[in-house]
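Visitor: In the numbering used here, the protein residues as written are 18 to 478.
Starting off with a structure, shown below.
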């Protein structure tokens, strides 16, 4: 754990595991019968699990028909976990609307830039600008918050899941209207927009905001300023969804901290603008176990997550116990790699190490994704390593709440990322994220602890 330059912590925001290292993963009891629930909780206790994520994709289970709620199974799961001494990171469940919503509101399904509508049958099948989606999501969050506000198992709210994953942009009619409102707010007048976008070039001058559309496929190069503004808009649209849910949660449960799990460096989210919206930073890191530089890519993600809110605790919300199911070759983790990657997160300041998921699915799109309890059962190497890791993390309570002190800072700006990769530049092969990784890895190999910050950040340290 040589990465960990820790000092005693000063005042910090609320933490879900204030006096112990958080350990656990996504639990999906709705996929199993009650006998498996009992076995799961017994195994969790044996492994030292003290925090589970619950309900991430459960909207269709708790609201099987519009406005009709069934919380019996979730109430029971919460009670069982609390009785076992296991805290809950409860999701707002809004990442995957149920089939009835898609049937009632097909206009809320996202649309690609070529006009193709993405249909129900996967996840994240919603447009963040859809009024119908936001209305139904807000109703669900309100009901969840009121029902579980005083539940003793509730330690953390988990807003949505992996924002922008799979649908970084939407070009539907609601998005077009929302984009126009965004531009009107940003520029005030269409004349100022024309100036900012240099629309006298190529006869692009607009007479009103109603003439503006998102940058779809065009015959030649697109307007670069329009592309950057659309990227700003999409990040803002998703951020609005996030902050609207947070506002509901804080109104009803002001003492329960809020998080949302980030993808590994999501291109579509300007995280510097989002970060003050959560109390605990969380990230999902799936470093390819077959890649020789996997530890360097993981280190970058850990440092970024920590740096987004230096005054907040941060968590490794998801990682794979072994193989994932979505890489070209999904290699299993060799012996010891799960442990070393988990301790690497702790060394970078994480106060919790969690996995996706607890028990491996029998079906569905992620049936080949590994789990803390794999299909091979409790005698498997993966589960033995999970149990050993849980016991090891339990011995690290003293580092919970400590801070990492960085010697250097790497400057990262999402708007610059969007800009430098547009076409018609002096070089067409600039990979902004790869360049950031290259500089970060150079410092990492030298043992230089690095924050990743916005260019306007205070660099006096």
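Just so you know, even glycine gets a beta-carbon here, dropped at the ideal spot from N, CA and C.
Predicted, not measured: the structure shown is a model, and the values here were computed from it.
Compare the Cα-Cα distances from residue 356 to each of 401, 385, 317 and report the closest residue.
Guide: Position 339 of the chain shown holds residue 356. Cα-wise, what sits closest to residue 356 is 401.
Visitor: With a threshold of 16 other CB atoms inside 10 Å of the CB of residue 67, please say whether the residue is buried or exposed.
Guide: Translated into positions along the chain shown, residue 67 becomes position 50. When all chains shown are included, residue 67 counts as buried.
Visitor: Would you kindly work out how many angstroms separate the C-alpha atoms of residue 18 and residue 268, rounded to a whole number?
Guide: Here residue 18 refers to the residue found at position 1 when the chain shown is read from its first residue. Here residue 268 refers to the residue found at position 251 when the chain shown is read from its first residue. Low local confidence applies: a pLDDT of 34 at residue 18 is under 50, so the model's placement there is unreliable, with the coordinate-based value given in what follows. Distance between the alpha carbons of residue 18 and residue 268 is about 40 Å.
Visitor: Rounded to the nearest angstrom, what separates residue 353 and residue 412 at their Cα positions?
Guide: Locating residue 353 in the chain shown gives position 336, counting from the first residue. Locating residue 412 in the chain shown gives position 395, counting from the first residue. Answer to the nearest angstrom: the Cα atoms are 18 Å apart.
Visitor: Please tell me whether residue 140 and residue 112 are closer than 8 Å, where the distance is taken between their beta carbons.
Guide: The residue you call residue 140 lines up with position 123 of the chain shown. The residue you call residue 112 lines up with position 95 of the chain shown. It is a contact, given that the beta carbons lie within the stated cut-off.
Visitor: Mind pulling the beta strand (DSSP E) runs of 3 or more residues that sit fully within the segment 365-442?
Guide: List check, beta strand (DSSP E) in window: 369-372, 425-428.
Visitor: Opposite residue 40 in the DSSP bridges: which residues?
Guide: Residue mapping note: residue 40 aligns to position 23 of the chain shown, counting from 1. Paired residue(s): 370.
Visitor: Note down the Cα distance separating residue 72 from residue 103, rounded to an integer number of angstroms.
Guide: Your numbering for residue 72 matches position 55 in the chain shown. Your numbering for residue 103 matches position 86 in the chain shown. Cα to Cα, the separation comes out at about 15 Å.
Visitor: Relative to the C-alpha of residue 380, which candidate in 45, 414, 408 has its C-alpha closest?
Guide: Looking up residue 380 in the chain shown gives position 363. Closest by alpha carbon: 45.
Visitor: Assuming residue 131 contacts residue 232 under a Cβ cut-off of 8 Å, what Cβ separation, rounded to an integer in Å, is found between them?
Guide: Position 114 of the chain shown, counted from the first residue, corresponds to residue 131. Position 215 of the chain shown, counted from the first residue, corresponds to residue 232. Contact doesn't hold; Cβ gap of about 12 Å is too wide.
Visitor: Let me confirm a value: residue 320 is counted as buried when at least 16 other C-beta atoms fall within 10 Å, else exposed. Which label applies?
Guide: For the purposes of this step, residue 320 is identified with residue 303 of the chain shown, where counting begins at 1. Per the 10 Å Cβ criterion, buried.
Visitor: Relative to the C-alpha of residue 441, which candidate in 195, 99, 117, 240 has its C-alpha closest?
Guide: Taking the first residue of the chain shown as position 1, residue 441 is located at position 424. Nearest of 195, 99, 117, 240 to residue 441, Cα basis: 240.
Visitor: Answer with buried or exposed for residue 37, where buried requires no fewer than 16 other C-beta atoms within 10 angstroms of its C-beta.
Guide: For this step, residue 37 is matched to residue 20 along the chain shown. Buried: at least 16 other Cβ atoms inside 10 Å.
Visitor: Assuming residue 117 contacts residue 82 (C-beta within less than 8 Å), just tell me the rounded distance between them.
Guide: Taking the first residue of the chain shown as 1, we reach residue 117 at position 100. Taking the first residue of the chain shown as 1, we reach residue 82 at position 65. About 6 Å separates the two Cβ atoms, so the contact holds.
Visitor: Look at residue 345 and residue 312 and say whether their C-beta atoms are less than 8 Å apart.
Guide: For the purposes of this step, residue 345 is taken as residue 328 along the chain shown, with counting starting at 1. For the purposes of this step, residue 312 is taken as residue 295 along the chain shown, with counting starting at 1. In this structure, residue 312 does not lie closer than 8 Å to residue 345 by Cβ.
Visitor: Could you tell me which residues DSSP pairs with residue 104 in its beta bridges?
Guide: Reading the chain shown from its first residue, position 87 is the one you call residue 104. Partner(s): 68.
Visitor: Quick one: using the 10 Å Cβ neighbour count with 16 as the cut-off for buried, is residue 314 buried or exposed?
Guide: Looking up residue 314 in the chain shown gives position 297. With 16 or more Cβ atoms within 10 Å of its Cβ, residue 314 is classed as buried.
Visitor: Assuming the contact rule is C-beta atoms closer than 8 Å, residue 334 and residue 301 should be a hit. Round their C-beta distance to whole Å, please.
Guide: As a working mapping, residue 334 is identified with position 317 in the chain shown. As a working mapping, residue 301 is identified with position 284 in the chain shown. Contact holds; Cβ gap of about 6 Å.
Visitor: Just curious, the beta strand (DSSP E) that residue 467 is in, first and last residue?
Guide: Your numbering for residue 467 matches position 450 in the chain shown. Its beta strand (DSSP E) spans residues 467-470.
Visitor: Mind checking residue 218: buried by the 16 CB within 10 Å criterion, or exposed?
Guide: By 1-based counting over the chain shown, the position of residue 218 is 201. Flag for residue 218 reads exposed.
Visitor: List the endpoints of the continuous alpha helix (DSSP H) containing residue 47.
Guide: Numbered from its first residue, the chain shown carries residue 47 at position 30. No alpha helix (DSSP H) contains residue 47, which DSSP labels as neither H nor E.
Visitor: Taking the alpha-carbon positions, what's the residue 163 to residue 216 distance?
Guide: As a working note, residue 163 is residue 146 in the chain shown. As a working note, residue 216 is residue 199 in the chain shown. If you take the alpha carbons of residue 163 and residue 216, they lie about 50 Å apart.
Visitor: Could you tell me the alpha carbon to alpha carbon distance between residue 415 and residue 261, rounded to whole angstroms?
Guide: For the purposes of this step, residue 415 is taken as residue 398 along the chain shown, with counting starting at 1. For the purposes of this step, residue 261 is taken as residue 244 along the chain shown, with counting starting at 1. Roughly 36 Å between the two C-alpha positions.
Visitor: Which residues mark the beginning and the end of the beta strand (DSSP E) in which residue 332 is found?
Guide: For the purposes of this step, residue 332 is taken as the residue at position 315 of the chain shown. 330-335 is the span of the beta strand (DSSP E), which, as asked, contains residue 332.
Visitor: Taking buried to mean at least 16 other C-beta atoms within 10 Å of its own C-beta, is residue 42 buried or exposed?
Guide: The residue you call residue 42 lines up with position 25 of the chain shown. Answer is buried; the Cβ neighbour count reaches 16.
Visitor: Quick check: the segment 206-213 against the segment 147-161, are there 3 or more CB pairs under 8 Å?
Guide: As far as the Cβ criterion goes, the segment 206-213 does not touch the segment 147-161, which means the pair count is below three.
Visitor: Could you spell out the range, first to last residue, of the alpha helix (DSSP H) harbouring residue 158?
Guide: Against the chain shown, residue 158 aligns to sequence position 141. Looking at the DSSP string, the run of the alpha helix (DSSP H) that includes residue 158 is 148-165.
Visitor: Measure from the alpha carbon of residue 404 to the alpha carbon of each residue in 213, 59, 50, 52, then state which is nearest.
Guide: Here residue 404 corresponds to residue number 387 of the chain shown, with the count starting at 1. Among 213, 59, 50, 52, the Cα nearest to that of residue 404 is on 59.
Visitor: Within its chain, find whatever has a CB closer than 6 Å to the CB of residue 108; leave out the 5 residues flanking it on each side and keep chain order.
Guide: Counted from its first residue, the chain shown places residue 108 at position 91. The residues are 72, 73, 175.
Visitor: I'd like to confirm the pairing. Which residues does DSSP put opposite residue 299 in its beta bridges?
Guide: By one-based count along the chain shown, residue 299 stands at place 282. Answer is 278, 332, bridged to residue 299.
Visitor: Go through the segment 92-138 residue by residue and report every complete run of the alpha helix (DSSP H) that reaches 4 residues or more, in order.
Guide: Correct list: 116-121.
Visitor: In the structure shown, what three-state DSSP assignment does residue 54 receive?
Guide: One-based indexing of the chain shown puts residue 54 at position 37. Helix.
Visitor: Whole angstroms is fine: what's the gap from residue 396's alpha carbon to residue 374's?
Guide: Looking up residue 396 in the chain shown gives position 379. Looking up residue 374 in the chain shown gives position 357. Near 18 Å, if we compare the C-alpha coordinates of residue 374 and residue 396.
Visitor: Kindly list the residues whose CB is nearer than 7 Å to the CB of residue 392, restricted to its own chain and excluding five residues on each side of it in sequence; keep chain order.
Guide: Position 375 of the chain shown, counting from 1, holds the residue named residue 392. Within the same chain, residue 392 has close Cβ partners 377.
Visitor: Could you name the residues that DSSP lists as bridge partners for residue 249?
Guide: For the purposes of this step, residue 249 is identified with residue 232 of the chain shown, where counting begins at 1. BP columns for residue 249 are empty, so no partner.
Visitor: Starting from residue 174, follow its DSSP beta bridges and name the residues at the other end.
Guide: For the purposes of this step, residue 174 is taken as residue 157 along the chain shown, with counting starting at 1. Residue 174 is bridged to 107, 275.
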